[in-house]
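Residue numbers (my numbering): 2 to 278.
Using N, Cα and C, we set each Cβ at its ideal position, and we do this for glycine too.
Quick caveat: nothing in here was measured; it's all calculated off a predicted structure.
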Amino acid sequence: MYYQVLIETSEKVGKAGRNKQYFELDKTDLTEIEERIVYPYLRKEDFQFDGYFLNFGEIKRITIKETQKTTQELSKYENDHMPSGVFMFVSPSDIVGYDKHTKDITTTVFDKAKSFFPAKSATKNSPTAPDLTKVFIVHGRDDLAKTEAARFIEKLGFSAIILHEQASSGKTIIEKIEAHTNVGFAIVLYTPCDIGGLAGEKTQKSRARQNVVFEHGYLIGKLGRHNVCALVKEDVEIPNDISGVVYVPLDRHGAWHLLVAKELCNAGYSFDMNKLL
Numbered sequence: 002m003y004y005q006v007l008i009e010t011s012e013k014v015g016k017a018g019r020n021k022q023y024f025e026l027d028k029t030d031l032t033e034i035e036e037r038i039v040y041p042y043l044r045k046e047d048f049q050f051d052g053y054f055l056n057f058g059e060i061k062r063i064t065i066k067e068t069q070k071t072t073q074e075l076s077k078y079e080n081d082h083m084p085s086g087v088f089m090f091v092s093p094s095d096i097v098g099y100d101k102h103t104k105d106i107t108t109t110v111f112d113k114a115k116s117f118f119p120a121k122s123a124t125k126n127s128p129t130a131p132d133l134t135k136v137f138i139v140h141g142r143d144d145l146a147k148t149e150a151a152r153f154i155e156k157l158g159f160s161a162i163i164l165h166e167q168a169s170s171g172k173t174i175i176e177k178i179e180a181h182t183n184v185g186f187a188i189v190l191y192t193p194c195d196i197g198g199l200a201g202e203k204t205q206k207s208r209a210r211q212n213v214v215f216e217h218g219y220l221i222g223k224l225g226r227h228n229v230c231a232l233v234k235e236d237v238e239i240p241n242d243i244s245g246v247v248y249v250p251l252d253r254h255g256a257w258h259l260l261v262a263k264e265l266c267n268a269g270y271s272f273d274m275n276k277l278l
């Protein structure tokens with residue numbers, strides 16, 4: 002059994018501007034054809050054919066046919082039995098168009114190949130929509146600030162997700178963060194839990210804990226910087242090399258409530274503004 006493969010592309014040739022055709026003839030291994038041509042095509046990938054790299058987007062047609070003899074043998078037969086008075090030459094590639102010598106197995110081959118590429122569910126393909134009923138809160142050792150931020154979020158009608166309050170289920174800290182940050186907004190509390198400064202300098206400044214800064218960066222990467230708000234208490238030092246990050250003073254008078262509420266609205270959260278009163 003021999004297999005003949007024709008691929009037609011959008012590339013134009015000749016004065017008539019016909020689509021260019023590429024051939025691979027007299028192949029004996031159908032599995033090799035599937036793996037080298039059919040599977041890449043179904044994956045919408047470019048692949049090599051007849052010595053050329055073919056662009057998926059330019060392929061117009063793929064035809065796979067089966068013959069009992071080689072195209073060389075069939076071509077010779079046709080030329081040897083040409084009717085008297087007919088002057089033409091039948092090439093091996095011409096045989097692909099002769100129905101009497103070939104059996105079209107294109108549909109069969111592609112149907113078989115498609116069975117290895119089951120359609121993925123829309124849920125698996127589409128990114129999970131963020132949960133706009135929850136707000137993730139990152140905190141240090143300032144329990145009062147943590148509680149104040151959480152109660153404010155709950156007052157607006159949302160759930161405050163605080164990492165240490167969530168069941169571990171054997172997960173590491175980073176795994177817990179990944180598991181509980183499918184939210185639309187996060188608040189990061191920069192409270193004076195650590196101190197630090199440049200090497201060699203005596204002056205030390207109040208800083209947030211290192212895990213707070215790390216989680217802040219992680220959330221910016223996952224949610225987008227406009228969906229993360231850092232509440233900064235007193236004179237805590239903040240990263241000064243990052244622009245476009247939202248920092249809101251965690252003042253004693255509660256002015257931050259309105260500022261955070263506006264950021265929540267911008268992130269797509271809906272709530273009754275009267276709850277701020």
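Residue i vs residue j beta-carbon contact at 7 Å
i: H217; j: V189; result: yes
i: V233; j: Y248; result: yes
i: N183; j: D100; result: no
i: F279; j: V139; result: Shown here, the chain extends from 2 to 278; a query on residue 279 therefore has no answer.
i: L43; j: Y4; result: no
Assigned secondary structure, residue i (DSSP; H/G/I helix, E/B strand, else coil)
i: F88; result: coil
i: S122; result: Caution is warranted here: a pLDDT of 42 is assigned to S122, below 50, making its placement in the model unreliable, and the coordinate value is therefore given only provisionally. The answer is coil: DSSP assigns S122 none of H, G, I, E or B.
i: K97; result: Note on identity: in this sequence residue 97 is Val, with Lys being the wrong assignment. Helix, per DSSP.
i: K147; result: helix
i: N267; result: helix
i: I239; result: coil
i: A17; result: coil
Nearest residue (CA-CA) to residue i, options the options
i: R62; options: T29, F111, D144 and Q73; result: F111
i: Q73; options: T64, S94, E59 and I65; result: S94
i: I96; options: Y42, V6, F54 and M274; result: V6
i: C194; options: V136, D132, I239 and A151; result: I239
i: G222; options: E179, D30, T29 and T134; result: E179
i: T29; options: Y53, Y40 and T71; result: T71
Euclidean distance between Cα positions of residue i and residue j
i: I174; j: N241; result: 27 Å
i: K147; j: L251; result: 11 Å
i: T10; j: V87; result: 31 Å
i: T129; j: L260; result: 28 Å
i: C230; j: N56; result: 45 Å
i: D143; j: L199; result: 24 Å
i: T192; j: R253; result: 13 Å
i: F24; j: S169; result: 59 Å
i: G141; j: R210; result: 6 Å
### Task
Evaluate the contact criterion for the stretch 156-163 versus the stretch 195-214: three or more CB pairs, one atom per stretch, below 8 Å.
no
### the stretch 141-160 contacting the stretch 98-110, beta-carbon criterion three pairs below 8 Å
no
### Query
Are the stretch 10-19 and the stretch 29-36 touching by the rule of at least three beta carbon pairs closer than 8 Å?
no
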